[in-house]
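S.K.: Numbering (the UniProt record's numbering), first residue to last: 1 to 569. Using N, Cα and C, we set each Cβ at its ideal position, and we do this for glycine too.
1. CB-CB under 6 Å to residue 320, same chain, minus the five flanking residues each way: which ones, in chain order?
2. Would you kindly work out how many angstroms separate the C-alpha atoms of residue 173 and residue 406, rounded to a whole number?
3. Between residue 428 and residue 339, which are expected to be in contact by the criterion C-beta below 8 Å, what is the C-beta distance as a whole number of angstroms?
4. Write down the C-beta distance between residue 37 and residue 58 rounded to the nearest angstrom, noting that I regard them as a contact closer than 8 Å.
5. Buried or exposed: where does residue 568 fall if 16 or more other Cβ atoms within 10 Å of its Cβ makes it buried?
6. Give the single residue among 118, 61, 132, 377 whose Cα lies nearest to the Cα of residue 572.
7. Considering only their Cβ atoms, is the gap separating residue 203 from residue 256 smaller than 7 Å?
8. Using the C-alpha atoms, what's the distance from residue 225 back to residue 353?
9. Just to confirm the assignment, what range does the alpha helix (DSSP H) spanning residue 197 have?
10. Within 10 angstroms of the Cβ of residue 341, are there 16 or more other Cβ atoms? Answer buried if so, exposed if not.
11. Strictly by DSSP, which residues pair up with residue 316?
12. For residue 561, count the other beta carbons within 10 Å of its own beta carbon; 16 or more makes it buried, fewer makes it exposed. Which is it?
13. Mapping DSSP to helix, strand and coil, what is residue 292?
14. Given 8 Å as the limit, is there contact between the stretch 204-223 and the stretch 187-196, that is, 3 or more CB pairs closer than that?
15. Where does residue 482 sit, in a helix, a strand or coil, going by DSSP?
16. So the candidates are 434, 515, 98; which of them puts its Cα closest to the Cα of residue 497?
17. Does the stretch 18-34 come within contact of the stretch 45-65, defined as at least 3 CB pairs closer than 8 Å?
18. Suppose contacts are defined by Cβ-Cβ distances below 7 Å. Is residue 553 in contact with residue 524 by that definition?
19. Ignoring anything shorter than 3 residues, give me the beta strand (DSSP E) runs that lie fully in the UniProt domain "BTB" (305-413), in order along the chain.
20. Considering only the alpha carbon of each residue, which of 323, 39, 20, 336 lies closest to residue 438?
21. Using 8 Å as the cut-off, can you tell me whether the stretch 97-105 makes contact with the stretch 117-124, which would need three or more C-beta pairs spanning the two stretches below that distance?
22. Going by DSSP, what residue range makes up the alpha helix (DSSP H) through residue 243?
23. Rounded to whole angstroms, what is the Cα-Cα separation between residue 221 and residue 362?
24. Sorted by chain position, which residues of the same chain lie with C-beta nearer than 8 Å to residue 98's C-beta, five sequence neighbours on each side aside?
25. Leaving out five residues on either side along the sequence, give the residues of the same chain with a beta carbon under 8 Å from the beta carbon of residue 218.
26. Starting from residue 148, trace the beta strand (DSSP E) in both directions and tell me its first and last residue.
27. Residue 460 and residue 420: beta carbons closer than 7 Å?
28. In angstroms with no decimal places, state the Cα-to-Cα distance between residue 108 and residue 155.
29. I believe residue 570 touches residue 390 by the beta-carbon criterion, under 8 Å. Please report the beta-carbon distance rounded to the nearest angstrom.
30. Between the C-alpha atoms of residue 463 and residue 500, what's the straight-line distance to the nearest angstrom?
31. Taking Cβ positions, are residue 223 and residue 297 nearer each other than 7 Å?
32. Nearest-angstrom Cα distance between residue 521 and residue 468?
33. What is the DSSP secondary structure of residue 16, reduced to helix, strand or coil?
34. If you check the beta carbons only, do residue 402 and residue 264 fall under 7 Å apart?
35. Which same chain residues end up closer than 6 Å to residue 324 when comparing Cβ atoms and leaving out the 5 residues on each side of it in sequence?
36. Can you tell me the Cβ-Cβ gap for residue 476 and residue 564, rounded? I've got them flagged as a contact below 8 Å.
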């Protein structure tokens, strides 16, 4: 017995993690909450660990039948092998055949973050651009060219950041990198370097001269690539190479995210220009014209920006240098940039179709033509509780920019509702979800932790179609219904819910009431058709606890029904 007990305390191929965050990740895997799982993964939790019961996130997702979560965990770096304790548990305990097949056939070489929003958007800028945003050509020694973005080069490599002006041909276009630097390597090494900078999910080294690649990577300021290449080639078996490639791919994304975060802070956020509003001016068109050509040029000349983002922050306008290639992550901006609006016509005029790039120098030569696009943020000024509207809105914009550039958003709870509204207006579903998760993580402490009203939360949920928040509020109402049912604000919210039914008949249900009733049944373990959900299986013992639950359930149900009658619904 002692031997068994001692064995039980030792991790079997994976370390234990008893932290609150890991427990919550495991619970999200059990429930199949894909967005919440993704959020915890983004926080940097090691997925290849187990709880005190020897359950890993992958095992829990597998045995609970959540195939989408299993796929996400694999893509984020969960290792699975039938030769390990945790691997065999995940495979042979899988709830469905499709999950078991997925685990058995999963090739570790595919375990790269091709679906990660940050990596996929960056790589698409190179491989599948929706419209031309590249602004430089990299001439290869063999004569071919690759169209690249100046801002990507200076963001990912200190070498390019410090030397790019010296590497530019003095041809007037300022968009051709000289062959002086590209002659240092061969075509295949340069293509590999560019793929690495753009997070293209492949690390195939077979066709590359490793010594040449390592030398070039160090020359252009990418020592992490040089080290990773040597590490991969040192592995003696294909399996080990694939395992290391998977690890390198994850590290590569995190290194790039860190560099991009540094870039957006220093070259976008810190470069912002604040201009005072003229008195009694609230015209958005005025905001677009308040900035001069020289001020525009100063904002964009050193960071490869091709557009300026403007926001009304209360008593000032804030202007940020920005990049269409990144802002297009928002469906709102993506549609705007591909539209025929007059503001976007300048890019048609400065596009060099034969080269597949835009000529940024032509924008600098005529800085008045640099487009300014406005951010729909002024509506947040209506909140009378805000003591410093300008600082709050600036913070909101900067969270948005960090998300767009590096898929990272640290959203304070008291700003989560504003962020949901902003993300909804820009059609950024992932950012909406992250903001909603910030709210649901507060559990019941909304008023204390963030001064957020449950009624405001559900109104925003309706406005922005956030089912996650509707569910959260309904659960909280059901958990303490007597507290809320007599609240005049609760009556108002029930009326608003009823009004959401466009053509209401007598037999229509009020959505909020129906949701609360559903979670009351969950709370008291009541099945309307069968009675209690956990009756005594023998039928010969009276369970006073079950009778009490049934009584409380009917009391809560009656209070809801009485309210509906009182409101004439």
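M.R.: Well, looking at it:
1. 268, 272, 309
2. Legend: pLDDT at residue 173 = 41, less than 50; position of this residue unreliable, value from coordinates given subsequently. Taking the straight line from one Cα to the other gives about 30 Å.
3. Going by Cβ atoms, the distance from residue 428 to residue 339 rounds to 18 Å, so no, they are not a contact pair.
4. Residue 37 to residue 58, Cβ: 11 Å. No contact.
5. exposed
6. Since the first and last residues shown for the chain are 1 and 569, residue 572 lies out of range.
7. no
8. 33 Å
9. 187-197
10. exposed
11. 276
12. exposed
13. coil
14. yes
15. helix
16. 515
17. yes
18. yes
19. 307-312, 316-322, 372-375
20. 39
21. no
22. 238-263
23. 29 Å
24. 67
25. 226
26. 145-148
27. yes
28. Note that residue 108 scores 46 on pLDDT, short of 50, meaning its location in the model is unreliable; the coordinates nonetheless yield the value given after this. For residue 108 and residue 155, the distance between alpha carbons rounds to 30 Å.
29. As displayed, the chain neither begins before 1 nor continues past 569, which places residue 570 out of reach and without an answer.
30. 11 Å
31. no
32. 19 Å
33. strand
34. yes
35. 133, 306, 307, 337
36. Residue 476 to residue 564, Cβ: 20 Å. No contact.
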